[in-house]
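Chemist: For the sequence shown, our numbering gives the first residue as 22, with consecutive numbering after it. Backbone N, C-alpha and C define an ideal beta-carbon position, used for all residues, glycine too.
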Amino acid sequence: MAKQHLYADLDLRFQPQPATKDVSMSYDEQAVIRSIKNLLLTKPFERLFQPTIGSQIDALLFEPITQLTGSLLQDEIIRTINNFEPRASIAS
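Written out as structure tokens, the structure is:
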């Protein structure tokens, strides 16, 4: 019996699956992790017809490391996950 997956996404590396030669899939935790990574690396207005999707962490990457910068990075990551990835939750 095939394993039931809770979440499934296309693997954006687009490597063919060896057995079927079809595009590989990401499942469950790996699918959510890759989705969050893509959201954090996407800038607002980069996706056509979806200008609000993405984060602004790139604006903070080369700022001096201070408590304020760390707090702003944390807030932006939490905001992005809460707004765009309903499959994930933030643990305190």
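Could you pull the start and end residues of the alpha helix (DSSP H) that S56 belongs to?
Modeler: Per DSSP, S56 belongs to the alpha helix (DSSP H) from 49-62.
Chemist: Nearest-angstrom Cα distance between E67 and G75?
Modeler: Their backbone Cα atoms lie some 8 Å apart in a straight line.
Chemist: Beta-carbon separation of Y48 and R108 under 7 Å?
Modeler: Contact flag unset, no.
Chemist: Put D43 into one of helix, strand or coil per three-state DSSP.
Modeler: D43 falls in the coil class under three-state DSSP.
Chemist: For I101, count neighbouring Cβ atoms within 10 angstroms of its own Cβ and tell me buried if that reaches 16, exposed if not.
Modeler: Sequence check: residue 101 is Thr here, not Ile. Buried: at least 16 other Cβ atoms inside 10 Å.
Chemist: Report the option in L69, P72, L93 whose CA atom is closest to the CA atom of A80.
Modeler: Nearest option by C-alpha distance: L93.
Chemist: Is A29 helix, strand or coil when you go by DSSP?
Modeler: Strand.
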